[in-house]
Structure formats: C-alpha cells, structure tokens
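Q: Dropping a structure here in structure tokens format, bear with me for questions.
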Amino acid sequence: MADALLAVEDLSVEYRGLRGAARAVDRVSFEVAPGEVLGLAGESGCGKSTLALAIPRLLRAPAVITSGSVRLGGRDILELDDRRLRSIRWSEIAMVFQNAMNALNPVMRLGSQFADVIRTHTGLGRARALERAAELCTLVGIDPARLRSYPHELSGGMRQRAALAIALALEPKLVIMDEPTTALDVVLQREIMEEITALRERLGFAVLFITHDISLLIEVADRIAIMYGGRIVEQAPARSFLESAAHPYTRGLLASFPSIDDDGERLTGIPGSPPSLIDPPAGCGFAARCTLASDRCRETPPFVEIAPAHRAACWEVGA
Ligand SMILES: Nc1ncnc2c1ncn2[C@@H]1O[C@H](COP(=O)(O)OP(=O)(O)OP(=O)(O)O)[C@@H](O)[C@H]1O
46 MADALLAVED LSVEYRGLRG AARAVDRVSF EVAPGEVLGL AGESGCGKST LALAIPRLLR
106 APAVITSGSV RLGGRDILEL DDRRLRSIRW SEIAMVFQNA MNALNPVMRL GSQFADVIRT
166 HTGLGRARAL ERAAELCTLV GIDPARLRSY PHELSGGMRQ RAALAIALAL EPKLVIMDEP
226 TTALDVVLQR EIMEEITALR ERLGFAVLFI THDISLLIEV ADRIAIMYGG RIVEQAPARS
286 FLESAAHPYT RGLLASFPSI DDDGERLTGI PGSPPSLIDP PAGCGFAARC TLASDRCRET
346 PPFVEIAPAH RAACWEVGA
C-alpha cells in the first residue's frame, strides 16, 4: 500500500509463563490506509486483543513484543520513548474497548474525564475543554447534561458512546475498536454501529475494528483480515468477502454465523479447537481441523495473493 497510515510488519507477541511462552501474535503484517476500516475477526483466543493492545503499546507483563515494527504515519511506535508515546496516544491513535467501564474512571464525573484528556493534550482551559466535551457528547448522541454524571449512572450503551466520544476528542487518525458493541443488546449494537459509520464518514478517521462477529464486519469494514492461532490467514475486500472467502477456516467461520438475509440455513460450527500457542504444530495451524488438509499442510503455507487485493495462507487455495 503506497501511503499506509498504519503499517504493522512481522509483529510477534509472547506471554511468558511457567509452562513456556505462548505466542499469541505470530509474525503478523498488515496495513490500514487513511480513513479505511479494516476489520479483524477470529475465534476467541486467536490473539485479536493482544494485537489491539500491542499496537499502541498498552500490553502489560507477562506479554512481550518479540519482533516487528508498528509504523504510524512513518514512525515506529515500538521505538518511541515514553514521552513521545504518551503524546501520540489519544491524539493520533485512540482506543475503544468492549467494556467502557474499564476505560472510564468510576469515581470521576464524565465531564472531568473528558476535560482531563482534552487539557492534557491541548492546553485548553477547563471551561473551553468542557465546551469541547459538550460538543463531543452531542456528536455521539449523549445529552451534554450527562457530563455531570458518574459512569455508573449511565446505561451500558451510553457508556460505550462516552468512550467513543473520548476516543474522538483529539481527532485521532486511527481508532482501534476491540469488540466495542459486543456487551450490548442487538438493537443497541446496531444503533452504535450506525453511529460509528456515520462519524467515520464525517470525520475521516481510520478504524481497526476487532470482533469475533464476522457478519458485522461484512457490513462495516472496507477490508477484512481473518486471524487464526496468532496469524493472519486471509485478507480480502469486505464487499466480495461472502462470495470469495477462500481459506477453509474463514469459510467455517462464515458458516458459524447467521447471514444478514438469513434464510433459515443451518449453522455449522468448526469442529475441534485452536492450536496450542505454547507448542504449536508444525505447518498450517488449521490442518488438524481442516477437511481439505493434505500432507503438504505439514509445512507452513505462504500468505500469497490469490486474486487482486486478496491473500490467503492455504496450500489448497494458494500457491
Ligand atoms: N495475561 C495473559 N497471560 C497469559 N496468556 C494470555 C494473557 N492474555 C491472553 N493470553 C493468551 O493469549 C492468547 C490470545 O488471547 P487474546 O485475548 O489476544 O485473544 P482474542 O482473540 O482477543 O480472544 P477474545 O475474543 O476471547 O478476547 C490466548 O490463548 C490467551 O489465553
């Protein structure tokens, strides 16, 4: 990609424990263009959240980044000193996580939390910061009077909106959203997704959108990447994803979710479980669960272009 906003290359993360090192992210590379929504999907435990936290360097021990680079606008985030790192978080790269309660301080009124983020990065006075906070609330559909509330006084949906508003406060170029609507009921999920899409169109930020729900990504993402056992195994434009998904794992995932125009087809899960991350099998990590597996799957398949802008790591569909 010529002018990528985010370029992650060869990124690996391990959790080091007594039983050994679990490689939760294994030599992952991908790019996000300015204003693009890249969706990242995969089963629970495949490393999505670890990757989300590695990008802005929010991982804590026992997680260790063991290789790679994370370039945002040309600079490698992994090389920044703490001061530079703090200055780009919120202002250039912001995060929205599944449970806004974790991001919001329970003993501070919402207004003070907004003001803190805004003032730390912009030097605005408190009154002006609160004005900006009120604008942001309106932007995401919260009554600005709510700035006087504590997080526990808000509904779950409103808390997610508040977390979204804080993430957008400094007009970052990239927002990482990790299951931002998963904890909400379906109606609220849809409402907030529509809000996110409208805001993105209006403000032009790029999104790395992480979810286990691939059907949601088909609606909201420009491109979709599928993660399995710590690796990206397929990547393709979202618009052609349903018809063109090629990797057997992706096809299994698609068959495990009701489609948008659900015609009552039976859903099938993927038998078996993901590979051990501590002692992964040689070759393709999906082979043990794959109906197409053959002898050559004992070697790791390369991640190759199988159609324009479409890559997959599978001997059966690739090289
Ligand atoms: N603090 C930790 N210590 C050790 N291992 C961890 C830790 N956090 C995550 N892991 C392991 O890393 C792997 C990837 O976890 P991660 O949470 O990134 O996956 P995920 O795809 O986001 O799953 P989910 O959708 O359930 O959050 C899992 O096998 C998990 O058990």
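Residue numbering for the sequence shown follows the numbering used here, beginning at 46 and increasing consecutively. Ideal placement from N, C-alpha and C gives every residue a C-beta, glycine not left out. Owing to the predicted nature of the structure, the values given are computational and were not obtained by experimental measurement.
Quick one: using the 10 Å Cβ neighbour count with 16 as the cut-off for buried, is H197 buried or exposed?
A: Classification for H197: exposed.
Q: Kindly confirm or deny that the segment 225 to 232 and the segment 198 to 205 touch, where touching means at least three C-beta pairs closer than 8 angstroms.
A: With a cut-off of 8 angstroms, the segment 198 to 205 and the segment 225 to 232 count as touching, because enough Cβ pairs lie within range.
Q: Using a Cβ-Cβ cutoff of less than 6 angstroms, which residues in the same chain neighbour A52 once the five nearest sequence positions on both sides are dropped?
A: For A52, where only same-chain residues beyond five positions count, the Cβ hits under 6 angstroms are E76 and R116.
Q: Rounded to whole angstroms, what's the CA-CA distance from M153 to D188? Just pull it up for me.
A: Straight-line Cα distance between these residues: approximately 18 angstroms.
Q: Using beta-carbon positions only, say whether L130 and R105 come within less than 8 angstroms of one another.
A: No, the pair does not count as a contact, with Cβ atoms beyond the cut-off.
Q: Please identify the residue among A357, P79, I323 and R296 whose C-alpha is closest to the C-alpha of R334.
A: Comparing Cα-Cα distances from R334 to each of A357, P79, I323 and R296, the minimum goes to R296.
Q: Please state if the CB of A178 and the CB of A160 are separated by a distance shorter than 8 angstroms.
A: Yes.
Q: Check whether the Cβ of C335 lies closer than 7 angstroms to any heavy atom of ligand 1, and answer yes or no.
A: No; taking the cut-off as 7 angstroms, the Cβ of C335 has no heavy atom of ligand 1 nearer than that.
Q: From this set, I271, A251 and V252, which residue's C-alpha is nearest S260's C-alpha?
A: Of the candidates I271, A251 and V252, the one whose C-alpha sits nearest the C-alpha of S260 is I271.
Q: Name the two residues that bound the continuous alpha helix (DSSP H) containing T165.
A: Run containing T165: L155 to T167, per the alpha helix (DSSP H) assignment.
Q: Any heavy atom of ligand 1 closer than 7 angstroms to the beta-carbon of G202?
A: No, since every heavy atom of ligand 1 falls outside the 7 angstroms radius drawn around the Cβ of G202.
Q: Taking the DSSP output, what are the residues bridged to Q280?
A: Q280 pairs with A270 and R356.
Q: Where N144 and D340 are concerned, what is the direct C-alpha to C-alpha distance, given to the nearest angstrom?
A: Straight-line Cα distance between these residues: approximately 43 angstroms.
Q: Pick out whichever of A67, R171 and V265 has its Cα sitting closest to the Cα of E236.
A: Of the candidates A67, R171 and V265, the one whose C-alpha sits nearest the C-alpha of E236 is V265.
Q: To which residues does DSSP link D121 through a beta bridge?
A: Beta-bridge pairing links D121 to R116.
Q: So which of S194, G186, A210 and Y273 has the shortest CA-CA distance to V163?
A: The question names Val, but residue 163 in the sequence shown is Ile. Ranking the options by Cα distance to I163, first place goes to A210.
Q: What distance in whole Å lies between the Cβ atoms of E279 and R356, which are believed to be in contact at a cut-off of 8 angstroms?
A: Contact flag correct, Cβ pair sits at about 7 angstroms.
Q: According to DSSP, which residues form a beta bridge with A86?
A: For A86, which the question treats as bridged, DSSP gives the partners T256 and I271.
Q: For R194, collect the residues of the same chain with a Cβ closer than 6 angstroms to its Cβ; drop the 5 residues on either side in sequence, then sort them by chain order.
A: In the sequence as displayed, the identity of residue 194 is Ser instead of Arg. Correct list, in chain order: L155.
Q: Whose C-beta lies closer than 8 angstroms to the C-beta of L192 among residues of the same chain, with five residues either side of it excluded?
A: If we look at L192 and ignore the five residues flanking it on each side, its Cβ neighbours are R154, L155, G156, F159, L175, A178, A179 and C182.
Q: Could you check whether the Cβ of L322 sits closer than 7 angstroms to any heavy atom belonging to ligand 1?
A: Yes; taking the cut-off as 7 angstroms, the Cβ of L322 has a heavy atom of ligand 1 nearer than that.
Q: Measure the CB-CB distance between I323 and G84 and report whether it falls below 8 angstroms.
A: No, they are not a contact pair.
Q: Answer yes or no: do G113 and L56 have a C-beta to C-beta separation smaller than 8 angstroms?
A: It is a contact, given that the beta carbons lie within the stated cut-off.
Q: Ligand 1 heavy atoms versus the CB of T111: any closer than 7 angstroms?
A: No, the beta carbon of T111 sits no closer than 7 angstroms to any heavy atom of ligand 1.
Q: Determine the burial state of M46: buried for a count of at least 16 other Cβ atoms within 10 Å of its Cβ, exposed for fewer.
A: When all chains shown are included, M46 counts as exposed.
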